[in-house]
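K.L.:
Before anything else, here's the structure in question.
Protein chains in written order, with this note's numbering: chain A, 1 to 219; chain B, 1001 to 1219.
Printed below as a string of structure tokens:
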């Protein structure tokens, strides 16, 4: 069983200090929501992001969307051998049941995240997604993996297929992929740093490489 | 070099006979476009789709978006060993330069497709995407692959890693993946039908499996 953690993901409600920024107010109005209910999105809140610390990397629910769409529709997940978690800025953790069908439409996915940050659980009956206050380290203490790998530009280089073989040697390995567009992890975690390519890769590309190569090793 | 063709993709401008449907008219108005300029989208034109032949599978630019986001950010593409083509309903072919950075935001991607269907080339100077009238067979005649594989539910079962090894035996193999949500290809093409899993897979999942396993075979 592979535990895949998308960590320090840039998904969050619009922060307090830009709630009155015109880019945010107009966007919320257009969508019929209150400014404090909408998820920060760099495509639409670009002007407001300039006022935020780390503004050049925040507001990227699209990265999480791509990672989840790929992970949950993978052969590995269909075979019941994958658990996916999304850890976000401000230390929330989203638990996702393996049978969840993530909305294909981006706007609906954002709507789902808004509902999740508001209600902590969606949908109320099936509880496919659940949001809890938790740091990355607390999540790892809970999962209790027998190995922790951090996908990192400065990690030890390893061919993707060799990494699949390495993962196979553990019963419950955890692989941590950064859910941000560039820069480094903000959370401090102990683990073996691994790099799969000579250049930085997008989060969803790493997700695909890890999942397919783990499948090849275990099936 | 792998030639990846997303075929019979459900991307098209809104067809004539539903241009006056309220679902289409309101959507176009909201986006500040003419109804004939917008791309059919099942999320927003659901009511209108019921009036169309094959209405239950049409209007899926999201599938093409996921396939392109994965393919173009893959290690294979970064290494210059991938060419991607999108063939659509009504026999258009979209050529995509390998260096293209597809918009991550879905709404911007749809805007790009609208611009492409209108102007045949985007952006005017770099010509990263180009649209031509062409059948799937005409595209294959042009590419001249030395093998053609069709990813198909009823194809010969092969483990994904074995399929990677098979592809490696050719210099310029073409792999055809259906760019539709369910059902069969509408185009008739000769090729070896291959199935990678006992259940149907999403188009982007097949794209990921094919690309990563081809990488593993050739690198």
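Think of the CB as a built atom: it goes at the ideal place given N, C-alpha and C, for glycine as much as any other residue. These figures come from a predicted structure and were not determined experimentally.
Using a C-beta cutoff of 8 Å, does residue 1100(B) count as contacting chain A?
P.N.:
No, because no Cβ of chain A sits closer than 8 Å to the Cβ of residue 1100(B).
K.L.:
Between the stretch 157-172 of chain A and chain B, which residues of the former have a C-beta closer than 8 Å to a C-beta of the latter?
P.N.:
Residues passing the 8 Å Cβ filter: 159, 160, 161.
K.L.:
Along the beta strand (DSSP E) that carries residue 1087(B), what are the first and last residues, could you check?
P.N.:
Taken as a continuous stretch (DSSP letters only), the beta strand (DSSP E) holding residue 1087(B) covers 1082-1088.
K.L.:
What residues from the stretch 66-86 of chain A come within 8 Å of chain B, judged by C-beta to C-beta, listed N to C?
P.N.:
Listed in sequence order: 66, 69, 70, 73, 74, 75, 78.
K.L.:
Does the beta carbon of residue 27(A) come closer than 8 Å to any beta carbon on chain B?
P.N.:
No - not a single Cβ of chain B is within 8 Å of the one on residue 27(A).
K.L.:
Take residue 1092(B) as the anchor and find which of 1206(B), 1007(B), 1190(B) has the nearest alpha-carbon.
P.N.:
Of the candidates 1206(B), 1007(B), 1190(B), the one whose C-alpha sits nearest the C-alpha of residue 1092(B) is 1007(B).
K.L.:
Going straight from the alpha carbon of residue 30(A) to that of residue 1117(B), what length do you get?
P.N.:
In a straight line, the C-alpha of residue 30(A) is about 27 Å away from that of residue 1117(B).
K.L.:
Counting contacts by CB-CB distance shorter than 8 Å, is residue 56(A) in contact with chain B?
P.N.:
Output row for residue 56(A): interface = no.
K.L.:
Report the option in 1122(B), 1140(B), 1150(B), 1127(B) whose CA atom is closest to the CA atom of residue 1178(B).
P.N.:
Nearest C-alpha to residue 1178(B): 1150(B).
K.L.:
Here's the rule: buried if 16 or more other CB atoms are within 10 angstroms of the residue's CB, otherwise exposed. What is residue 1101(B)?
P.N.:
Classification of residue 1101(B): exposed, given that the 10 Å Cβ count is below 16.
K.L.:
When DSSP labels each residue in this structure, what does residue 93(A) get in the three-state scheme?
P.N.:
Of the three classes helix, strand and coil, the one that applies to residue 93(A) here is strand, per DSSP.
K.L.:
Does the contact criterion of 3 or more C-beta pairs under 8 Å hold for the stretch 67-74 of chain A versus the stretch 37-45 of chain A?
P.N.:
Contact between the stretch 67-74 of chain A and the stretch 37-45 of chain A is absent, because fewer than three Cβ pairs lie under 8 Å.
K.L.:
According to DSSP, simplified to helix, strand and coil, what is residue 1118(B)?
P.N.:
The answer is helix: DSSP assigns residue 1118(B) an H, G or I state.
K.L.:
Do residue 1164(B) and residue 1213(B) count as a contact pair if the criterion is CB distance below 8 Å?
P.N.:
Cβ distance < 8 Å, so residue 1213(B) and residue 1164(B) count as in contact.
K.L.:
Looking at the secondary structure, which residues open and close the beta strand (DSSP E) in which residue 141(A) lies?
P.N.:
Looking at the DSSP string, residue 141(A) is not in any beta strand (DSSP E); the run it does join, the alpha helix (DSSP H), is 136-143.
K.L.:
Return the CA-CA distance between residue 1017(B) and residue 1176(B), expressed in angstroms with no decimal places.
P.N.:
Going by the C-alpha atoms only, they are around 30 Å apart.
K.L.:
By the DSSP assignment, the beta strand (DSSP E) with residue 8(A) in it spans what residues?
P.N.:
Residues 2-9.
K.L.:
Specify whether the stretch 1103-1123 of chain B and the stretch 1153-1172 of chain B touch according to this definition: at least 3 beta carbon pairs, one from each stretch, less than 8 Å apart.
P.N.:
No contact exists between the stretch 1103-1123 of chain B and the stretch 1153-1172 of chain B.
K.L.:
Leaving aside the five residues before and after residue 1033(B) along the sequence, list all residues of the same chain whose C-beta is less than 8 Å from its C-beta, in chain order.
P.N.:
Answer for residue 1033(B): 1114, listed in chain order.
K.L.:
With burial defined as no fewer than 16 other Cβ atoms inside 10 Å of the residue's Cβ, what is the status of residue 1060(B): buried or exposed?
P.N.:
Buried is the call here.
K.L.:
What span of residues does the alpha helix (DSSP H) with residue 1045(B) cover, start to end?
P.N.:
Where residue 1045(B) is concerned, there is no enclosing alpha helix (DSSP H), given that its DSSP letter is neither H nor E.
K.L.:
Starting from residue 64(A), follow the alpha helix (DSSP H) in both directions and report where the run begins and ends.
P.N.:
It spans 61-72 - the alpha helix (DSSP H) in which residue 64(A) sits, taken as one unbroken run.
K.L.:
Any idea if residue 1192(B) is buried or exposed, counting beta-carbon neighbours within 10 angstroms, 16 or more meaning buried?
P.N.:
By the 10 Å Cβ count, residue 1192(B) comes out exposed.
K.L.:
Have a look at the DSSP bridge pairing and note the partners of residue 1079(B).
P.N.:
Paired residues: none, contrary to the question.
K.L.:
With DSSP as the reference, label residue 20(A) as helix, strand or coil.
P.N.:
In this structure, residue 20(A) counts as coil in the three-state DSSP scheme.
K.L.:
For residue 25(A), which of 123(A), 72(A), 11(A), 45(A) has the nearest alpha-carbon?
P.N.:
Checked all of 123(A), 72(A), 11(A), 45(A); the closest Cα to residue 25(A) is 45(A).
K.L.:
Just mark residue 1015(B) as buried or exposed, buried being the case when its beta carbon has 16 or more other beta carbons within 10 Å.
P.N.:
That one is buried.
K.L.:
Just reading off the alpha helix (DSSP H) that residue 166(A) is part of, what are its end residues?
P.N.:
160-168 is the extent of the alpha helix (DSSP H) around residue 166(A).
K.L.:
So, are the CB atoms of residue 1147(B) and residue 1170(B) less than 8 Å apart?
P.N.:
Contact: yes.
K.L.:
So if DSSP puts residue 150(A) in a beta bridge, which residue, or which two residues, is it bridged to?
P.N.:
Paired residues: 176(A), 193(A).
K.L.:
So what's residue 1183(B) in DSSP terms, helix, strand or just coil?
P.N.:
The answer is coil: DSSP assigns residue 1183(B) none of H, G, I, E or B.
K.L.:
Pick out whichever of 1096(B), 1054(B), 1051(B), 1071(B) has its Cα sitting closest to the Cα of residue 1122(B).
P.N.:
Closest by alpha carbon: 1096(B).
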